[in-house]
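Reviewing the structure listed below.
Protein chains in written order, with our numbering: chain A, 35 to 369; chain B, 9 to 460.
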């Protein structure tokens with residue numbers, strides 16, 4: 035076991051736990067954001083750099099601070115480690131920089147993007163981004179492409195988190211897609227003339243933190259916050275069969291896997307559940323889905339809303355707009 | 009005349025063949041090591057020699073070797089990093105092209121010291137003709153019994169392979185190199201684990217530069233203590249410097265570390281002064297990744313001491329007024345050179361070569377290139393210079409591998425030392441429309457003019 039202090043809060047975690055996971059055990063505000071790390075995918079993380087934290091004391095034995103900011107998702111904790119996340123202005127500055135970098139080549143087409151409302155980048159930009167851009171040049175663009183009959187790839191929106199390639203590597207039988215080229219010209223693509231066609235390929239859509247991979251059966255059907263998410267399950271011989279149905283009236287518009295509070299899928303579902311059973315009759319409804327994130331879909335109208343908390347949150351955002359640094363004035367989430 | 013260790017026999021005709029190289033005392037270190045020394049003794053000699061990594065970082069080679077996990081039951085590997093792609097650096101090419109057996113000899117001796125059973129030379133794809141030279145040299149070494157099973161009748165066996173890359177600067181970063189050698193996309197790995205613990209095929213691996221490995225043979229022959237006497241202080245030995253730019257005699261020079269920059273730049277033995285009788289404006293002392301320094305700071309440190317060609321002296325003053333020896337790519341610029349244009353060229357290179365794995369480098373290098381392109385071509389505006397400084401600051405230190413730092417340092421240092429030139433570009437867009445603007449009308453600092 036290792037004792038680690040994150041933003042002044044002490045937590046004891048097993049050896050080998052990463053800083054990010056230790057922070058998740060504390061929960062609340064001290065959890066660094068993560069765009070590329072995905073706890074159920076091996077080797078993921080370390081790429082997007084939004085989870086950078088400052089280690090002010092390496093360990094009990096070697097109290098020297100680490101010279102650079104480290105990616106919390108891939109750095110294991112040491113006994114006696116002291117970490118600064120939101121209490122370090124340096125970290126926040128770096129994070130702001132990374133968010134700016136992620137956005138300079140992003141098309142910002144949220145008004146027409148299916149991911150809007152449940153997009154990690156949107157949340158991140160809202161919390162850490164600047165309100166104006168300093169980028170005057172042309173953004174990089176790619177053609178929209180179909181990779182497989184059910185998945186649409188908008189490469190312009192991609193932030194190259196590599197999660198989908200990990201899904202293909204680790205969940206499906208053989209990977210037919212990967213990253214081509216390099217630098218800001220690198221793109222997700224399939225082998226020539228190959229289509230992603232695998233029973234579990236649909237999970238690529240769920241793990242995508244932005245709207246780069248979207249479900250073609252759901253594209254432009256509805257804004258996600260107008261749908262009602264319902265927990266449901268069915269007997270499936272390929273997967274666990276536990277899903278979320280995104281319904282509007284009697285129609286099932288979309289079926290997706292269940293995400294936890296950090297937007298991660300723990301139990302992946304098969305393509306049959308995802309695409310072929312868009313009928314309420316096929317499912318046993320368990321009840322409304324609680325969405326545990328601060329995005330728009332988290333504010334669903336039929337769930338009981340803590341108005342006081344919401345008011346505080348709105349006030350906090352107004353303060354934030356005035357230029358007050360965010361973490362100091364974030365009482366609503368720790369309360 | 010400085011002492012020569014690596015290039016001692018470079019002018020002997022036919023030195024690239026085994027017979028001639030052997031006649032000049034080649035492969036003696038292999039004989040000495042295998043017949044009279046244990047692997048640990050060889051490592052100890054290298055440690056004593058104070059040899060530092062010649063690829064750029066200057067990490068002590070003996071120390072790196074001693075970090076190798078020798079307790080692991082996995083095979084150990086030695087990998088030679090011949091992916092020399094830094095703009096301004098071409099020393100390894102010269103060495104491998106002219107005297108390939110020196111590298112092969114060093115590889116055998118070093119592999120023996122590390123207990124590696126198979127070793128690799130990872131060479132950049134653009135050096136295809138050198139791959140053939142090296143392969144010929146390796147075949148000759150096999151034929152003479154210096155490679156293969158039971159070398160020289162001992163029980164030590166070694167196989168040596170040459171592996172060409174596919175043309176990526178990033179594969180010169182050691183973990184990206186290992187990925188590429190394994191046949192994967194050349195993306196740097198996150199550290200830890202370090203290659204000394206889990207490198208090639210997740211086995212303990214040492215990655216060294218060509219020049220470092222080439223120096224192992226002479227070190228074993230002359231002894232570590234003797235080698236440590238060459239050079240100055242912690243910068244032991246000799247260093248190959250690739251001199252290029254506006255000098256009379258560009259080329260590869262072997263220098264004894266500790267000679268002054270002034271001597272290197274102006275003496276006839278080395279660079280032979282600035283061409284066309286012009287004045288020196290700036291020097292990039294160690295390949296494009298290191299901070300650029302103006303003429304007064306490269307010849308003398310901020311404290312007024314003479315600057316020497318050594319790891320310590322060049323980095324004197326930190327990033328404020330110092331630079332780094334790096335990989336020894338010495339680029340001199342005369343007074344007609346445009347710093348903005350040079351910087352744009354460097355940044356364009358980093359933009360092209362960024363692997364795209366982590367976001368600050370992937371997006372930031374492209375952004376810097378575009379802004380610099382704008383400034384250089386007379387479309388810049390006043391906020392651009394501060395924007396560049398800020399972008400560079402946000403890349404630096406926030407990336408997986410040092411390429412991010414390498415892309416940020418030139419920008420930060422050029423603006424630190426030559427800010428007026430950037431301002432000139434923004435202020436007089438008409439004057440910089442001509443690509444050779446400073447050749448037509450050399451840049452004169454307005455501050456100096458005002459002082460007169």
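Glycine included, each C-beta is placed from N, C-alpha and C at the ideal position.
Ignore the nearest five residues each way along the sequence and tell me which others in residue i's own chain have a CB closer than 6 Å to its CB.
i: residue 200(A); result: 75, 78
i: residue 454(B); result: none
i: residue 143(A); result: none
i: residue 268(B); result: 314, 316
i: residue 97(B); result: 250, 295, 335, 337
Alpha carbon to alpha carbon, how far is residue i from residue j?
i: residue 300(B); j: residue 186(A); result: 46 Å
i: residue 319(A); j: residue 257(A); result: 22 Å
i: residue 335(A); j: residue 343(A); result: Because residue 335(A) sits at a pLDDT of 45, beneath the cut-off of 50, its placement in the model cannot be relied upon, and the following sentence gives the value as read from the coordinates. Rounded to whole angstroms, residue 335(A) to residue 343(A) spans 15 Å at the Cα level.
i: residue 112(B); j: residue 203(B); result: 22 Å
i: residue 175(A); j: residue 183(B); result: 30 Å
i: residue 206(A); j: residue 244(A); result: 21 Å
i: residue 167(A); j: residue 173(A); result: 12 Å
i: residue 466(B); j: residue 135(B); result: Outside the shown range of chain B (9 to 460) lies residue 466(B), about which nothing can therefore be said.
i: residue 152(B); j: residue 159(B); result: 9 Å
i: residue 352(A); j: residue 91(B); result: 53 Å
i: residue 128(A); j: residue 359(B); result: 20 Å
i: residue 155(A); j: residue 371(B); result: 15 Å
i: residue 106(A); j: residue 59(A); result: 14 Å
i: residue 139(A); j: residue 200(B); result: 30 Å
i: residue 44(B); j: residue 232(B); result: 15 Å
Give the secondary structure of residue i by DSSP, where H, G and I count as helix, E and B as strand, and everything else as coil.
i: residue 199(A); result: helix
i: residue 368(A); result: At residue 368(A) the pLDDT is 45, less than 50, meaning the model places this residue with poor confidence; the figure from the coordinates comes in the next sentence. Residue 368(A) falls in the helix class under three-state DSSP.
i: residue 238(B); result: coil
i: residue 197(B); result: coil
i: residue 387(B); result: coil
i: residue 433(B); result: helix
i: residue 150(A); result: coil
i: residue 157(A); result: helix
i: residue 304(A); result: coil
i: residue 17(B); result: coil
i: residue 128(B); result: strand
i: residue 164(B); result: coil
i: residue 452(B); result: coil
i: residue 288(A); result: strand
i: residue 175(A); result: coil
i: residue 339(B); result: strand
i: residue 77(A); result: coil
i: residue 271(B); result: helix
Might you give, ordered along the chain, the residues of its own chain that have their beta carbon closer than 8 Å to the beta carbon of residue i, omitting 5 neighbours on each side?
i: residue 321(A); result: 264, 265
i: residue 429(B); result: 346, 347, 348, 451
Please determine, among the options, the residue with the shortest C-alpha to C-alpha distance to residue i.
i: residue 351(B); options: 370(B), 385(B), 332(B); result: 385(B)
i: residue 161(B); options: 382(B), 41(B), 448(B), 190(B); result: 41(B)
i: residue 189(A); options: 97(A), 246(A), 168(A), 151(A); result: 246(A)
i: residue 89(B); options: 238(B), 43(B), 99(B); result: 99(B)
i: residue 329(B); options: 103(B), 13(B), 39(B), 426(B); result: 426(B)
i: residue 103(B); options: 75(B), 86(B), 332(B), 139(B); result: 139(B)
i: residue 71(B); options: 220(B), 39(B), 208(B), 137(B); result: 220(B)
i: residue 144(B); options: 49(B), 105(B), 446(B); result: 105(B)
i: residue 341(B); options: 306(B), 361(B), 291(B), 230(B); result: 291(B)
i: residue 152(A); options: 350(A), 241(A), 44(A), 273(A); result: 241(A)
Do residue j and residue i come within 8 Å of each other at the CB atom, strictly closer than that value?
i: residue 282(A); j: residue 261(A); result: yes
i: residue 366(B); j: residue 408(B); result: yes
i: residue 414(B); j: residue 400(B); result: no
i: residue 146(B); j: residue 168(B); result: yes
i: residue 32(B); j: residue 18(B); result: no
i: residue 298(B); j: residue 246(B); result: no
i: residue 233(A); j: residue 184(A); result: no
i: residue 295(B); j: residue 252(B); result: no
Quick check: is any heavy atom of the ligand MG less than 7 Å from the C-beta of residue i?
i: residue 253(A); result: Inclusion of the ligand MG in the displayed structure is not the case, the ligand content being empty and no account of it being possible.
Cβ of residue i less than 8 Å from any chain D Cβ?
i: residue 152(B); result: Checking the listed chains, one finds no chain D in this structure; the protein chains it contains are A and B.
With a CB to CB cut of under 7 Å and the five nearest residues on each side skipped, what residues in its chain are close to residue i?
i: residue 240(B); result: 265, 266, 316, 318
i: residue 276(A); result: 267, 292, 301
i: residue 112(A); result: 36, 92, 93
i: residue 120(B); result: 41, 42, 47, 50, 164
i: residue 368(B); result: 402, 403, 406, 407, 412
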